[in-house]
Amino acid sequence: MRDVSLPGQIFSLLTVAIMISSAWIVYMQNEEDLKLVRVPVWARGQMPYDTTQAYSFVLQQGEYGILETENEFNSEHVMIPYDLPITEGGAAVTCSIGMDCPQISLAYWRPKVPSGMEVPVIVEIGPYFGEESAGTPDITTPGSWLGMGIIQNLLPHGFAFAQVSVSGTGMSNHCMDLMGYAEQEGINAAVEWLGTQEWSNGNVGMIGKSYDGSTPWQAAMYGDEYLKTIVPISGLIGVRELMWKNGSSEARAPFMHNVVYGSYGFSSEKEDENLQNACEDYLLGPIHATNGYVFAGNEFVDSYWEERYFLDRVLENYGGSVYIVQGFHDWNVDPHMAVPTINTLLDHGIEAKVLMGQWDHDYPDRPDYQKQRSDPGRGSEAYPQMVRFDWMQDLLEWFTYYLQETGPKPSLYLEIQNNRGEWRVEDRYPASDSKTIEMALGGNNLSLVEESDSLLGPTVVYPGMWIDDWIRFETGPFDNDFRFGGLPQLHLDVTPLDNGGSIYALMEDCSAEGECIHIGHAIMDLRYHEGGNEYQNIIPGATIRAKMEFFAMDVLIPEGHKIQLSLRDIGEDYLPPSTEAAVDIDISGNSVLRLHEIDVDSKNFFEPPTCMHTDCLEE
42 MRDVSLPGQI
52 FSLLTVAIMI
62 SSAWIVYMQN
72 EEDLKLVRVP
82 VWARGQMPYD
92 TTQAYSFVLQ
102 QGEYGILETE
112 NEFNSEHVMI
122 PYDLPITEGG
132 AAVTCSIGMD
142 CPQISLAYWR
152 PKVPSGMEVP
162 VIVEIGPYFG
172 EESAGTPDIT
182 TPGSWLGMGI
192 IQNLLPHGFA
202 FAQVSVSGTG
212 MSNHCMDLMG
222 YAEQEGINAA
232 VEWLGTQEWS
242 NGNVGMIGKS
252 YDGSTPWQAA
262 MYGDEYLKTI
272 VPISGLIGVR
282 ELMWKNGSSE
292 ARAPFMHNVV
302 YGSYGFSSEK
312 EDENLQNACE
322 DYLLGPIHAT
332 NGYVFAGNEF
342 VDSYWEERYF
352 LDRVLENYGG
362 SVYIVQGFHD
372 WNVDPHMAVP
382 TINTLLDHGI
392 EAKVLMGQWD
402 HDYPDRPDYQ
412 KQRSDPGRGS
422 EAYPQMVRFD
432 WMQDLLEWFT
442 YYLQETGPKP
452 SLYLEIQNNR
462 GEWRVEDRYP
472 ASDSKTIEMA
482 LGGNNLSLVE
492 ESDSLLGPTV
502 VYPGMWIDDW
512 IRFETGPFDN
522 DFRFGGLPQL
532 HLDVTPLDNG
542 GSIYALMEDC
552 SAEGECIHIG
562 HAIMDLRYHE
572 GGNEYQNIIP
582 GATIRAKMEF
592 FAMDVLIPEG
602 HKIQLSLRDI
612 GEDYLPPSTE
622 AAVDIDISGN
632 SVLRLHEIDV
642 DSKNFFEPPT
652 CMHTDCLEE
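Numbering (this note's numbering) for the sequence shown: 42 to 660.
In structure tokens, the structure reads:
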């Protein structure tokens, strides 16, 4: 066994102890005496999950049916009033002149429980319920993407479920505020309402994916006593963080504000209601989108991006738990929303866990979507092991403890899957016992194998590089399997030849036959070479140190394979910077690639339930 750090040793010993005790819970107690059977992750591969369906199911059906209503879907619908200052415009203004005031549309489902029994609520909040622009059903219909599964699996165990439309979408009035103040206030009003109903036990949990995975972070900012746990799936910790990485603008960034979501809430048949969409944010959104591209995401009105950054206020105010679900290959909400966020939560004493697999912008239990959206180097090598048919059971155990306040406490370790399909648990990410490997560009461990065709020099990246023009570096073949993960770093000494420039770095796994597949990438607008959100002025001809960080990855390089690192000006779905320039890269020894090697001898690997869905069996 390799030497490991004391924290790593302690974590491994604790994990083994938990494995033993948890297995005892599963196998040695009479199931009839348990309302909930605790299934530790390392035992789930032997449990009788249904792994043939389009999504996951719990192991045990609950004892409660659904409370029937006059609605064919057994839902109840309410409009929840809330206050906004008149400066927010829209419904805040119409309210002041005797017209409609701000209201949030909410539908809920309840279990049929004994009279007087109070139940917690699981809620999904987003812009898609009954929204014509999105082509989705009415809010009183359970969402096929998540709601149906929760109602079918969790409601019978004594949970209510709710769906809520954010402001300006569905039947909620006011503006579609794209995660701004008005939206946040409406979300908090919905949480308060759900936590104070006579049938509620006062405990509310939030769950959702994508935009619906961002609203839990918004709710957590308030530190509301009723919000006990959140499960953000591919959710945003901030809007600017979605659209810019190291100052580089995603191609969609200039068009996201009030173009994609700006049409929500508008209808040619609702002229009076459309008046309520006359909000300042409809002007500020496009301005900030364009300005953000020109100035690499920097503030135009100081409060705009600050208002739409959530994590700082979560850390300050929130007292509940967090369960993050994230795909390593999510092109829509990049994994830097989860890593290093998970470490930040843990460092602030927040109870948190992570489930991260090699899927795209998906739920972890959808075999059909995961297969369709996986390509070589983009998850296919980990399929079907990425499919987690134990996920709904995991949610049941999580919500039972944090919302019903019964049962054993869920384990708070991190479940991580590498690019070859292996699952393991970690204490942090990258793990505290990781070993840092440093390779100098142009050195023996990462030699230069392909030069730029620029007339300015062999190591110069330049604006508009040809698609096949790269500066490439390679390691030698690895003598053994090499595993690394977390956030690899690329620190480059570079000399911009004008007052701007950008660097795109592509990391690939190359076989002995020369076949290469993607394993990770990084991007940087060099005005942000120090990292963070503040840009620096660049002096042409002056050498700077660009501190680049790759998107989170977890990688196994097989024995005999190489790592190839390729550099150019731009790549993936990112725009060229507004200040383009040729950039010379120094490879005299100061430019280095840092990888966090995984000590496999200290890790606890496990296998999830075997997928028997038709898409999995075709592999």
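Note that CB positions come from ideal geometry on N, CA and C, so glycine has one too.
All values reported here derive from a predicted model rather than from experimental measurement.
Per DSSP, the beta-bridge partners of Ile598 are Phe523. Counting C-beta pairs closer than 8 Å gives fewer than three between the region 509-523 and the region 583-595, which falls short of the contact rule. Listed in chain order, the alpha helix (DSSP H) elements of length 4 or more contained wholly in the region 604-651 amount to none. Put simply, the backbone Cα of Ser185 is about 10 Å away from that of Ile191.
For Val134, the three-state secondary structure derived from DSSP is helix. By the Cβ neighbour-count rule, Met120 is exposed, with fewer than 16 other Cβ atoms within 10 Å of its own. Here Leu658 is exposed, its C-beta having fewer than 16 other C-beta atoms within 10 Å.
Three or more Cβ pairs closer than 8 Å define a contact, and the region 561-576 meets that threshold against the region 603-623. Secondary structure of Arg407 (DSSP, three-state): coil.
Between Ser146 and Ile180, the gap from beta carbon to beta carbon is short of 8 Å. Taking a contact as a CB-CB distance under 8 Å, the pair Pro405 and Leu396 counts as one, their CB atoms being some 6 Å apart.
Contact between Leu489 and Thr516 does not hold, since their C-beta atoms are separated by about 12 Å, which reaches or exceeds 8 Å. DSSP places Asn244 inside the beta strand (DSSP E), whose first and last residues are Ser241 to Lys250. Beyond the five residues adjoining it in sequence on each side, Ser362 comes within less than 6 Å, by CB distance, of Thr270, Glu392 and Tyr443 in the same chain, given in chain order.
Between Arg469 and Val641, the gap from beta carbon to beta carbon reaches 8 Å or more. By the Cβ test, the region 489-506 is not in contact with the region 471-480, since fewer than three Cβ pairs between them sit closer than 8 Å. Setting aside the 5 residues that flank it on each side, Tyr350 is surrounded in the same chain by Ile278, Gly279, Val280, Arg281 and Glu282, each with a C-beta closer than 8 Å to its C-beta; the list follows chain order. Boundaries of the alpha helix (DSSP H) harbouring Tyr345: Ser344 to Glu348, taken from the DSSP string. About 5 Å separates the Cβ atoms of Arg609 and Tyr545, confirming a contact at the 8 Å cut-off. The residue from Phe514, Pro650 and Lys153 with its alpha-carbon nearest to that of Trp240 is Lys153. For the pair Asn194 and Leu437, the CB atoms are nearer than the 8 Å cut-off. Ranked by Cα distance from Ala203, the options Ser97, Asn115 and Gln426 are led by Asn115. In the structure shown, Cys142 adopts coil according to DSSP, grouped into three states. Pro451 places its beta carbon 8 Å or farther from that of Gly86. For Pro499, the CB contacts under 7 Å within the same chain, skipping 5 residues up- and downstream, are Glu492 and Ser493 in chain order. Unbroken alpha helix (DSSP H) runs of no fewer than 4 residues, entirely contained in the region 250-290, are found at 252-261 and 280-284, following chain order. Under DSSP, Gly561 takes part in a beta bridge, and its partners are Met548. In the displayed model, Ala223 falls within a helix according to three-state DSSP. Gln399 is a Cβ neighbour of Ala423, given a cutoff of 8 Å. Ala95 and Ala622 have their C-alpha atoms some 49 Å from each other. Of the residues Gly103, Val596, Glu549 and Pro417, the one whose Cα lies closest to the Cα of Lys603 is Glu549.
Across the structure, Ile127 and Ala230 are spaced so that their CA atoms are roughly 18 Å apart. DSSP places Trp432 in the uninterrupted alpha helix (DSSP H) bounded by Trp432 to Tyr443. Between the C-alpha atoms of Pro599 and Ile457 there is a straight-line separation of about 18 Å. By the criterion of at least three beta-carbon pairs nearer than 8 Å, the region 96-105 is not in contact with the region 166-179. Asp595 sits close to Asn460, with the two beta carbons spaced by under 8 Å.
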